[in-house]
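Peer 1: So the sequence lines, in the order shown, correspond to chains G and W.
Numbering follows the numbering used here, in which position 168 of the first sequence is assigned residue number 596; successive positions increment by one, without gaps.
Numbering follows the numbering used here, in which position 65 of the second sequence is assigned residue number 164; successive positions increment by one, without gaps.
C-beta: ideal position from N, C-alpha, C; glycine also.
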Amino acid sequence: MLNKSPKRLWLFMLLALAGVLALSACGGGGGGEAVKVGAIFDLTGPTSDVGTPYADGVRDYVAWVNENGGIEGRQIELVSADYSYKVDQAEQLYSQYTTQDNVVAFQGWGTGDTEALRGRIAADQIPFMSASYSATLGNPEEAPYNFLVGTTYSDQFIIAIQWAIENSSDGSPVIALLHHDSPFGLSPLEDGRAYAEANGATVIDIAMPGGATDFTAELTQVQDAGAEFIVIQNVSSPAATLVKDVKRLGLDVQVICLNWCTDELFVSLAGDAAEGVIGASPFAFPSSDAPALKDIRAYAESKGKNVDELGVHYVQGWTTMAVMAEGIREVIKNGQEVTGPNIKAALESMSNFDTGGITAPLTFTPTDHAGNKALKLVQVSNGQWVEMTDYIQASK
Amino acid sequence: MESGIFHTTYESDMALRRTPLMRLRLILVIAAALIFPFLANGYQLTLANQIGITAIGAIGLNILTGFTGQISLGQGAFMAVGAYSSGLLAARLGMPWWLTLPFSCIITAVVGAIFGIPSLRLKGLYLAIATLAAQQIIEWLITHWTVLTGGVEALVVPTPTLFGIRMNDDFNFYWIMLLLLSATTLFAVNLFRTKIGRAFIAIRDQDIAAEVMGVNTFQYKLLAFATSSFFVGLSGALVAQYRNIVNYERFTIETSILYLAVIIIGGLGSVSGSIYGSVFMVLLPAILTNLGRALGGVIPGMSRLIPFIQQGVFGITIILFLIFEPEGLAKIWRDIKDYFRLWPFSY
């Protein structure tokens with residue numbers, strides 16, 4: 429009876445391990461013909477407000493393709509889970525999906541997981557798309573397997589600066605970048621500043637402290653610098669607080685949101701203060717007349733959902749997955765085996781790919797994975813984001 | 100039939116493995132650890148490596164918080180110091196990865212000792228706030244000292260290789276992790292049989308009494324901070340080498356709190372508890388995710404709710420643990436052993 433005790437914990441651990449093994453094993457299987465794609469979503473974490481519609485978009489695109497005969501007759505099997513924006517969990521899921529499920533491509537989400545997995549996906553040769561649009565991810569020398577469907581934060585900022593210069597009083601405006609104090613927030617600063625300096629404008633950068641409920645101090649800095657324009661690189665909720673303060677203080681500035689505060693949530697949070705705010709959105713809003721929205725709308729309605737309520741992030745998720753699927757389609761069409769390197773090559777041969785008007789035409793090359801160089805500016809009018817310009821190309 | 104373990108000599112009382120059974124168990128554990136990587140796939144190895152890295156950091160924190168009684172909310176920042184030291188030495192100075200490990204441990208130990216200075220005057224919650232300041236200061240330095248750290252941009256670490264073999268794939272890294280975890284465990288277990296370790300425990304139990312007995316409290320508190328940070332730095336350096344990339348977002352206050360949870364669940368003041376806690380905290384979300392995945396197919400309409408149920412279950416499990424066994428997994432394990440040792444006539 430003495431021997432029983434040391435084995436007890438091991439028995440428990442073995443059972444737990446067996447549980448993990450058994451469960452992960454039954455997740456696999458199925459027809460060998462399906463193309464497996466891994467995905468991680470933030471459904472419960474700090475960015476779940478925008479992560480949930482994005483995840484719905486990715487999943488619904490896959491369901492829609494599968495219902496319509498799949499990609500060249502092959503189904504997509506999406507293996508996905510919530511990771512609560514925790515990097516360790518993202519790594520676990522990535523490792524599980526690549527080694528147990530043998531996925532050939534991966535859909536990520538935020539800056540944290542995209543950066544953490546950058547090295548691994550290159551070593552494992554897994555094409556990767558996410559909703560993080562840092563310019564470094566578009567450089568294949570640094571991140572050979574990352575592909576960007578959205579306009580990079582740098583290009584978004586440059587487009588905003590271009591517009592600001594054209595619409596300023598004297599052609600040499602001061603532009604304040606108010607940003608989230610993080611890699612995400614600072615990502616557009618350097619490229620934007622270089623562009624502004626070369627074109628006679630000035631960029632000042634002010635960090636928005638996390639969790640702040642009042643931006644009077646930051647806006648005083650904006651006023652002292654004589655800035656005519658404020659560009660916000662932050663998510664909707666702090667951005668909405670900021671524009672409310674702009675209105676309260678009666679500042680005479682034009683606010684331009686980059687893509688993470690150009691959404692329906694921003695308008696509903698900011699209310700009246702959102703009127704007239706300009707947004708740089710790489711993706712068309714559900715209210716626009718982009719042809720691809722017809723399919724998206726029809727599918728969502730058949731499932732009892734309303735695209736207008738799901739919003740721009742749903743369209744964003746759907747389109748990101750659609751671009752990845754297009755790469756897979758090319759590979760199958762060419763009769764090649766569906767592998768990471770083949771999908772990468774197929775994506776890199778994509779030239780002026782039409783996403784049905786959701787984004788500007790996409791072009792990936794072996795030396796440039798930032799496929800989207802242009803976007804339309806939108807403006808809030810009567811509580812709706814309305815297209816205000818045609819595609820504006822980011823000049824270098 | 101025995102009624103307990105009774106020692107007749109001081110040698111047997113002081114021994115680390117006091118009974119033949121304990122020695123047998125150690126051999127079994129070592130054998131299992133050596134065989135495991137040959138049976139496991141990449142996913143299980145990833146989990147094992149995460150557990151190992153977490154365990155090294157948790158042992159470090161337990162030396163400070165569990166054994167010396169100095170609560171620390173700066174764990175994440177100290178890990179960041181280790182990770183950035185290792186990453187920068189390798190990336191900027193071209194130092195081989197294995198040489199960066201001792202350097203980053205020492206750098207972190209020095210930084211830890213510096214931020215331990217307030218512990219002379221501060222205790223309990225006040226010290227917690229002082230270490231929280233350390234967390235914020237180090238985080239701020241990393242994100243704003245752009246020339247050194249590259250600021251908020253991720254720092255890419257060269258792939259660690261040994262004789263041309265890539266060392267940070269899951270299988271090879273397992274051996275590095277296992278070696279360092281064993282060394283850390285061995286050191287920590289033995290530390291508390293020495294004068295220094297005893298002094299740490301005396302400070303935890305009653306610092307005034309310890310001082311009266313001749314323990315230089317300040318000196319030993321700083322030593323505890325340095326020793327603890329040494330291992331925390333090692334854990335951070337391993338993260339950097341394993342993942343090839345260092346980003347400060349990995350080492351925020353959330354990490355500090357997670358590690359406190361690991362040692363509380365595992366058992367404060369227990370080296371093996373730190374390991375049990377790490378196993379528990381890494382495997383629980385993995386098990387829940389896989390359970391969710393299995394159930395998602397079985398019960399239609401459930402799949403949308405599963406992520407939320409997972410979060411809830413994670414929280415509830417931790418709360419239940421704290422209610423029913425505040426001394427952690429190490430105590431549960433001890434109770435199980437005692438139960439069987441004295442079975443069927445426990446008293």
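Determine the chain W residues that contact P666 of chain G at a beta-carbon separation under 9 angstroms, and present them in chain order.
Peer 2: Ordered by position in chain W, no residue passes the 9 angstroms Cβ test against P666 of chain G, which lies about 17 angstroms from the chain.
Peer 1: By how many angstroms is the C-alpha of S185 of chain W removed from the C-alpha of S508 of chain G?
Peer 2: Near 33 angstroms, if we compare the C-alpha coordinates of S185 of chain W and S508 of chain G.
Peer 1: Taking M636 of chain G as part of the beta strand (DSSP E), name the residues at either end of that continuous run.
Peer 2: Taken as a continuous stretch (DSSP letters only), the beta strand (DSSP E) holding M636 of chain G covers 630-636.
Peer 1: Select from the stretch 530-555 of chain G all residues with a C-beta closer than 8 angstroms to any C-beta belonging to chain W, and list them in chain order.
Peer 2: Listed by position along the chain: T539, G540, E543, A544, R546, G547, R548, A551.
Peer 1: Could you run through the stretch 207-239 of chain W and flag, in chain order, every residue whose CB is less than 7 angstroms away from some CB of chain G?
Peer 2: Here the close residues number zero.
Peer 1: If you draw a straight line from the alpha carbon of L506 of chain G to that of V486 of chain G, how long is it in whole angstroms?
Peer 2: L506 of chain G and V486 of chain G: Cα-Cα distance of roughly 9 angstroms.
Peer 1: If we cut at 8 angstroms on Cβ distances, does P195 of chain W have a partner in chain G?
Peer 2: So, not an interface residue.
Peer 1: Mind checking who E505 of chain G pairs with in its DSSP beta bridge?
Peer 2: Looking at the DSSP assignment, E505 of chain G forms a beta bridge with G:K464.
Peer 1: Residues of chain G with a CB under 8 angstroms from the CB of I158 of chain W: which are they?
Peer 2: Chain G residues near I158 of chain W: none, gap ~18 angstroms exceeds 8 angstroms.
Peer 1: From the DSSP output, read off the bridge partner residues of F420 of chain W.
Peer 2: Answer is none; F420 of chain W lacks a bridge partner.
Peer 1: Going along the stretch 134-151 of chain W in order, which residues come within less than 7 angstroms of chain G, judged by CB to CB distance?
Peer 2: Those residues of the stretch 134-151 of chain W that come within reach of chain G (Cβ to Cβ, closer than 7 angstroms) are N140, G141, Y142, T145, L146, Q149.
Peer 1: From the DSSP output, in three-state form, read off T260 of chain W for me.
Peer 2: The answer is strand: DSSP assigns T260 of chain W an E or B state.
Peer 1: Compare the C-alpha of I684 of chain G against each of G:S823, G:W591, G:K722 and name the closest.
Peer 2: Nearest C-alpha to I684 of chain G: G:W591.
Peer 1: Counting only C-beta atoms, is Q340 of chain W closer than 8 angstroms to chain G at any point?
Peer 2: No, no contact with chain G.
Peer 1: Determine the chain W residues that contact L521 of chain G at a beta-carbon separation under 8 angstroms, and present them in chain order.
Peer 2: Correct list: T388.
Peer 1: In three-state terms, what does DSSP make of K222 of chain W?
Peer 2: Coil at K222 of chain W, not helix or strand.
Peer 1: Report yes or no: is there a C-beta of chain G within less than 8 angstroms of the C-beta of F350 of chain W?
Peer 2: No, no contact with chain G.
Peer 1: Per DSSP, what kind of secondary structure is K804 of chain G in: helix, strand or coil?
Peer 2: If DSSP states are grouped into helix, strand and coil, K804 of chain G belongs with the strands.
Peer 1: On the criterion of 16 or more Cβ atoms from any shown chain inside 10 Å, does Y438 of chain W qualify as buried, or is it exposed?
Peer 2: With fewer than 16 Cβ atoms within 10 Å of its Cβ, Y438 of chain W is classed as exposed.
Peer 1: What first and last residue would you give for the alpha helix (DSSP H) that runs through V246 of chain W?
Peer 2: 245-248 is the span of the alpha helix (DSSP H), which, as asked, contains V246 of chain W.
Peer 1: When you compare only the Cα positions, how much space is there between F575 of chain G and D583 of chain G?
Peer 2: Straight-line Cα distance between these residues: approximately 15 angstroms.
Peer 1: Which residues, taken in chain order from the stretch 265-290 of chain W, show a beta carbon closer than 9 angstroms to some beta carbon of chain G?
Peer 2: Those residues of the stretch 265-290 of chain W that come within reach of chain G (Cβ to Cβ, closer than 9 angstroms) are R265, N267, D268, D269.
Peer 1: Per DSSP, what are the beta-bridge partners of F469 of chain G in this structure?
Peer 2: Answer by DSSP bridge pairing, in chain order: G:D510.
Peer 1: In the stretch 789-816 of chain G, which residues sit with their C-beta less than 7 angstroms from some C-beta in chain W, listed in chain order?
Peer 2: Correct list: empty, as no residue qualifies.
Peer 1: Does the stretch 348-355 of chain W come into contact with the stretch 405-412 of chain W, if we say contact requires no fewer than three beta-carbon pairs (one atom in each stretch) closer than 8 angstroms?
Peer 2: Segments in contact, no.
Peer 1: Can you tell me where the beta strand (DSSP E) holding V814 of chain G begins and where it ends?
Peer 2: Counting along the chain, the beta strand (DSSP E) containing V814 of chain G begins and ends at 812-815.
Peer 1: Could you check whether the Cβ of V311 of chain W sits closer than 8 angstroms to any Cβ belonging to chain G?
Peer 2: Chain G, which has no Cβ nearer than 8 angstroms to the Cβ of V311 of chain W, makes this no.
Peer 1: Can you give me the start and stop residues for the alpha helix (DSSP H) that F135 of chain W sits inside?
Peer 2: Unbroken alpha helix (DSSP H) run through F135 of chain W: 119-138.
Peer 1: Identify whether L322 of chain W lies in helix, strand or coil by the three-state DSSP scheme.
Peer 2: The answer is helix: DSSP assigns L322 of chain W an H, G or I state.
Peer 1: Could you tell me which residues DSSP pairs with D516 of chain G in its beta bridges?
Peer 2: For D516 of chain G, which the question treats as bridged, DSSP gives no partner whatsoever.
Peer 1: Could you confirm whether any beta carbon from chain W is found closer than 8 angstroms to the beta carbon of G458 of chain G?
Peer 2: A caution first: G458 of chain G carries a pLDDT of 36, below 50, which makes its placement in the model unreliable, though a value can still be read off. It does not; no Cβ of chain W falls within 8 angstroms.
Peer 1: Which residues, in order along the stretch 469-493 of chain G, keep a beta-carbon less than 7 angstroms from a beta-carbon of chain W?
Peer 2: So the list reads L471, T472, given in the order they occur along the chain.
Peer 1: Since G414 of chain W and I405 of chain W should fall inside the 8 angstroms C-beta cutoff, what is the C-beta to C-beta distance between them, to a whole number of angstroms?
Peer 2: The pair is not a contact, with the Cβ atoms about 15 angstroms apart (cut-off 8 angstroms).
Peer 1: What's the gap between the Cα of F214 of chain W and the Cα of V478 of chain G?
Peer 2: So the alpha carbons of these two residues sit roughly 38 angstroms apart.
Peer 1: Where in the stretch 753-795 of chain G do unbroken runs of the alpha helix (DSSP H), each at least 4 residues long, occur, reported from the N-terminal end onward?
Peer 2: Qualifying alpha helix (DSSP H) stretches, in chain order: 768-776.
Peer 1: Cα separation between V650 of chain G and Q661 of chain G?
Peer 2: Each residue's alpha carbon lies about 15 angstroms from the other.
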